[in-house]
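Protein sequence lines, in the order shown, are assigned to chains A and B.
Quick note on this note's numbering: the first sequence kicks off at 1 and runs consecutively.
Quick note on this note's numbering: the second sequence kicks off at 335 and runs consecutively.
Report on the structure given below.
There are 2 protein chains.
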Amino acid sequence: MNSSRLQVEEYKKGILSGNRVMLARAITLVESTLPDDQNLAGEILDVIIPYTGNSLRIGITGSPGVGKSTFIESFGKTITESGKKIAVLTVDPSSQITRGSILGDKTRMEELGKNPMAFIRTTPSGQTLGGIAGHTRETILLCEAAGFEIIVIETVGVGQSEFSVKSMVDFFLLLMLAGSGDDLQGIKKGIIEMADAMAVTKADGENIKRANATMADFQQALHLLQPQSSGWTPKVVTCSAIHSKGIVDIWNMIQQFKKEMESSHLFEINRQNQQSFWFDEHFQTLLAMDHLKFPSVQSKRDALKTLVQTKKISARKAAQDLLDKYHQAVSSKR
Amino acid sequence: MNSSRLQVEEYKKGILSGNRVMLARAITLVESTLPDDQNLAGEILDVIIPYTGNSLRIGITGSPGVGKSTFIESFGKTITESGKKIAVLTVDPSSQITRGSILGDKTRMEELGKNPMAFIRTTPSGQTLGGIAGHTRETILLCEAAGFEIIVIETVGVGQSEFSVKSMVDFFLLLMLAGSGDDLQGIKKGIIEMADAMAVTKADGENIKRANATMADFQQALHLLQPQSSGWTPKVVTCSAIHSKGIVDIWNMIQQFKKEMESSHLFEINRQNQQSFWFDEHFQTLLAMDHLKFPSVQSKRDALKTLVQTKKISARKAAQDLLDKYHQAVSSKR
Chain A
1 MNSSRLQVEE YKKGILSGNR VMLARAITLV ESTLPDDQNL AGEILDVIIP YTGNSLRIGI
61 TGSPGVGKST FIESFGKTIT ESGKKIAVLT VDPSSQITRG SILGDKTRME ELGKNPMAFI
121 RTTPSGQTLG GIAGHTRETI LLCEAAGFEI IVIETVGVGQ SEFSVKSMVD FFLLLMLAGS
181 GDDLQGIKKG IIEMADAMAV TKADGENIKR ANATMADFQQ ALHLLQPQSS GWTPKVVTCS
241 AIHSKGIVDI WNMIQQFKKE MESSHLFEIN RQNQQSFWFD EHFQTLLAMD HLKFPSVQSK
301 RDALKTLVQT KKISARKAAQ DLLDKYHQAV SSKR
Chain B
335 MNSSRLQVEE YKKGILSGNR VMLARAITLV ESTLPDDQNL AGEILDVIIP YTGNSLRIGI
395 TGSPGVGKST FIESFGKTIT ESGKKIAVLT VDPSSQITRG SILGDKTRME ELGKNPMAFI
455 RTTPSGQTLG GIAGHTRETI LLCEAAGFEI IVIETVGVGQ SEFSVKSMVD FFLLLMLAGS
515 GDDLQGIKKG IIEMADAMAV TKADGENIKR ANATMADFQQ ALHLLQPQSS GWTPKVVTCS
575 AIHSKGIVDI WNMIQQFKKE MESSHLFEIN RQNQQSFWFD EHFQTLLAMD HLKFPSVQSK
635 RDALKTLVQT KKISARKAAQ DLLDKYHQAV SSKR
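Encoded structure:
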């Protein structure tokens, strides 16, 4: 790919100097399904990889209506005012079908969107390599190379996306709304175990009492859970984004978390485990698609499918035969 | 594997003659994780495959406490009294950890267990090829070869097991209990769309009124769903297994379903699609494990993992390098 060497260098220079247009274009390449774009994306990642990893990665999730964008708007303001650059990456599992209707990204985070210290990007759930997770991970790396010190990965609390997000962040924050079904019964199983902190949102006006009650419920419930192996005790707090109440406290808590994890080296160990996991996932995805490249394997599959459907051979035997054919195709290619 | 040819013939003869001991032993081979057992299981499946497929496969699911075993006991009695042989295969996702405590299989279906026309088998969720689904599918085939005309696949309504079961049955029956959280709000999303019929259980005594109300709710809800592409309209009924009420009606309904599907050829088409799906799944599982057989690929993986963790290369590049190494290992083996 020597022809694109110049292009790769241009991207590298642009991204490392914090050029937002180049960053946005590189992300588009990562998300693209075109083979040429994917090749270029791969080469860009290869050259920026030494400049990645220097951010604090924060996952934020919560049901629709909990006020995620209002929270992030206020949270982002706190962070940029402290002199740090923040990138907000939204993983929107709905965007493929509804073109963003759940998150309605056009009208969201207006203030933050205009802030030169902030960068906002919505990732549609695509069919590219590794799915949502694959390109969000690589987008994190690009943002880090571009100098963003705080990366927020926002996901709407539906589907399996939280589990993906958990595998790519340092700190996982669950937002909850009192009296909305986000109570101890209604909360999705497995989510609480993943959270490093829970914040009950919209704790203002008449809602304060209810928010405090929900906070107390969750604080009690947390005592029943296995403590985190890291030694960190998950916190439950309340906040009001529109009144900027509790937001600084949450930011301080996250910084405290980072300090504790760094002093026990668990910050770095978690990152390394995540990187291993990303590598394994990438490999499994590549592997699962690899045999599709060989026409001889494709025709063998069709023939075997007919044999299976007419009960001439078992599915197990057919799978073994197809694997043999794949081996043969790989060998004759080399 | 010529040494086991005699053994394979013995198994074939035993299974085809309906010998329950040989059937049970063959299922144990299918579930085994020992390579020799797996090889023998594969050979047995190869020779019995022409004798499979001649049953009606019925999936039955429902939350714990809905009365699945009482229902199946009564349902099985109806079937054996009509002169047909029934096999009940229980997929128990809990058995690995709790040794069967959710389903408590020892005290279940006592009558049916003694009936010479019935065969009951609990499949633990194992780590064998293809997971739960893999060996349940093959167990269905063995039971069919042994002459069982009705195969019931029972699963407890937790986890992803229903989706697996749906992919291996002709008819999917959802059992529900009135006033237990099995209402329109509480029922797991996606389950209703899979059901060919829903039966509200324990419709006896004081419970009748509640059961009827739940039935009416679901009948109304079904009108809002997309009709099945097969033309079949899912039915909602009530039943009482302990009073043998409604059980014969359910059996008649299932027979009616089979008749309709057969006359439109959708019965056979569904079976063929399922067989294709099984084949694909088997292949993907084999493929995902194949590279583990090559020590050179294993050491390359370890080396790449270190490079990824120290940010020397991207996960994407490392995955491609590992795939290349795998290709190389496959080629030099041949």
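No residue lacks a Cβ here, since even glycine has one placed at the ideal position from N, Cα and C.
Note that the coordinates shown come from a computational prediction; the quantities given were computed from them, not determined experimentally.
Outcome for residue i when other beta-carbon atoms lying within 10 angstroms are tallied against a minimum of 16
i                         : result
threonine 310 of chain A  : exposed
threonine 367 of chain B  : exposed
histidine 661 of chain B  : buried
glutamine 150 of chain A  : It is isoleucine, not glutamine, that sits at residue 150 of chain A in the sequence shown. Isoleucine 150 of chain A comes out buried.
glutamine 275 of chain A  : buried
lysine 569 of chain B     : buried
leucine 463 of chain B    : Below a pLDDT of 50, predicted positions are generally treated as unreliable, and leucine 463 of chain B, at 41, falls in that range; the measurement from the model is reported next regardless. Leucine 463 of chain B comes out buried.
aspartate 36 of chain A   : exposed
isoleucine 269 of chain A : exposed
serine 574 of chain B     : buried
serine 666 of chain B     : exposed
Short CB-CB distance (under 8 Å) between residue i and chain A
i                            : result
glycine 387 of chain B       : yes
isoleucine 484 of chain B    : no
isoleucine 383 of chain B    : yes
arginine 391 of chain B      : no
isoleucine 487 of chain B    : no
glycine 524 of chain B       : no
phenylalanine 601 of chain B : no
alanine 467 of chain B       : no
alanine 531 of chain B       : no
phenylalanine 613 of chain B : yes
Endpoints, the alpha helix (DSSP H) within which residue i is located
i                            : result
leucine 322 of chain A       : 315–333
isoleucine 191 of chain A    : 191–194
lysine 166 of chain A        : 161–166
phenylalanine 405 of chain B : 402–415
methionine 595 of chain B    : 581–597
methionine 289 of chain A    : 266–290
isoleucine 150 of chain A    : No alpha helix (DSSP H) contains isoleucine 150 of chain A, which is instead part of the beta strand (DSSP E) from 150–156.
Distance between residue j and residue i (C-alpha atoms, nearest Å)
i                         : j                            : result
tyrosine 51 of chain A    : isoleucine 647 of chain B    : 11 Å
glycine 524 of chain B    : glutamate 260 of chain A     : 42 Å
leucine 600 of chain B    : lysine 592 of chain B        : 9 Å
threonine 78 of chain A   : aspartate 170 of chain A     : 19 Å
valine 330 of chain A     : alanine 288 of chain A       : 14 Å
glutamine 461 of chain B  : asparagine 607 of chain B    : Confidence at glutamine 461 of chain B is low in this model, with a pLDDT of 44, below 50, so its placement is unreliable and the value that follows should be read with caution. One C-alpha to the other measures close to 25 Å.
leucine 292 of chain A    : glutamate 281 of chain A     : 18 Å
methionine 22 of chain A  : isoleucine 44 of chain A     : 11 Å
arginine 668 of chain B   : proline 295 of chain A       : 20 Å
glutamine 553 of chain B  : phenylalanine 497 of chain B : 22 Å
valine 352 of chain A     : threonine 122 of chain A     : Outside the shown range of chain A (1 to 334) lies residue 352 of chain A, about which nothing can therefore be said.
threonine 473 of chain B  : lysine 347 of chain B        : 17 Å
methionine 510 of chain B : methionine 549 of chain B    : 9 Å
proline 669 of chain B    : alanine 531 of chain B       : The requested residue 669 of chain B is not part of the displayed model; chain B covers only 335 to 668.
alanine 318 of chain A    : leucine 423 of chain B       : 25 Å
threonine 70 of chain A   : valine 200 of chain A        : 13 Å
valine 582 of chain B     : phenylalanine 409 of chain B : 8 Å
arginine 25 of chain A    : glycine 62 of chain A        : 29 Å
Listed by chain order, chain A residues near residue i by CB distance under 8 Å
i                       : result
leucine 626 of chain B  : Under the 8 Å cutoff, chain A gives no residues; its nearest Cβ is about 11 Å from leucine 626 of chain B.
arginine 668 of chain B : His327, Gln328, Ser331
Range of the contiguous beta strand (DSSP E) that encloses residue i
i                         : result
leucine 56 of chain A     : 56–62
lysine 536 of chain B     : No beta strand (DSSP E) holds lysine 536 of chain B; DSSP gives it neither H nor E.
methionine 443 of chain B : Note, methionine 443 of chain B: premise wrong, no beta strand (DSSP E); not H, not E.
methionine 510 of chain B : 505–511
threonine 567 of chain B  : No beta strand (DSSP E) holds threonine 567 of chain B; DSSP gives it neither H nor E.
threonine 52 of chain A   : Note, threonine 52 of chain A: premise wrong, no beta strand (DSSP E); not H, not E.
Neighbour list for residue i in chain B, Cβ cutoff strictly below 8 Å
i                        : result
serine 276 of chain A    : Lys639, Val642, Gln643
glutamine 272 of chain A : Gln643
leucine 287 of chain A   : Leu621, Ala622, His625, Leu657, Tyr660
Cβ of residue i within 8 Å of any chain B Cβ
i                            : result
glycine 179 of chain A       : no
phenylalanine 119 of chain A : no
aspartate 46 of chain A      : yes
lysine 388 of chain A        : With chain A covering only 1 through 334, there is no way to say anything about residue 388 of chain A.
methionine 330 of chain A    : Here residue 330 of chain A is valine; the residue named in the question, methionine, does not match the sequence. It does: the Cβ of valine 330 of chain A has a partner Cβ on chain B nearer than 8 Å.
glycine 147 of chain A       : no
leucine 173 of chain A       : no
Proximal residues of chain C, C-beta to C-beta of residue i below 7 Å
i                      : result
leucine 322 of chain A : In summary, chain C is missing from the structure at hand, where the protein chains are A and B.
Contacts that residue i makes with chain A (C-beta to C-beta distance below 7 Å)
i                       : result
serine 498 of chain B   : Ordered by position in chain A, no residue passes the 7 Å Cβ test against serine 498 of chain B, which lies about 14 Å from the chain.
arginine 354 of chain B : Residues of chain A passing the Cβ test: none, with the nearest at roughly 22 Å.
Chain B residues whose Cβ lies nearer than 9 Å to that of residue i
i                            : result
glycine 42 of chain A        : Ser648, Arg650, Lys651, Gln654
phenylalanine 218 of chain A : Here the premise fails: no neighbours, minimum Cβ distance about 22 Å.
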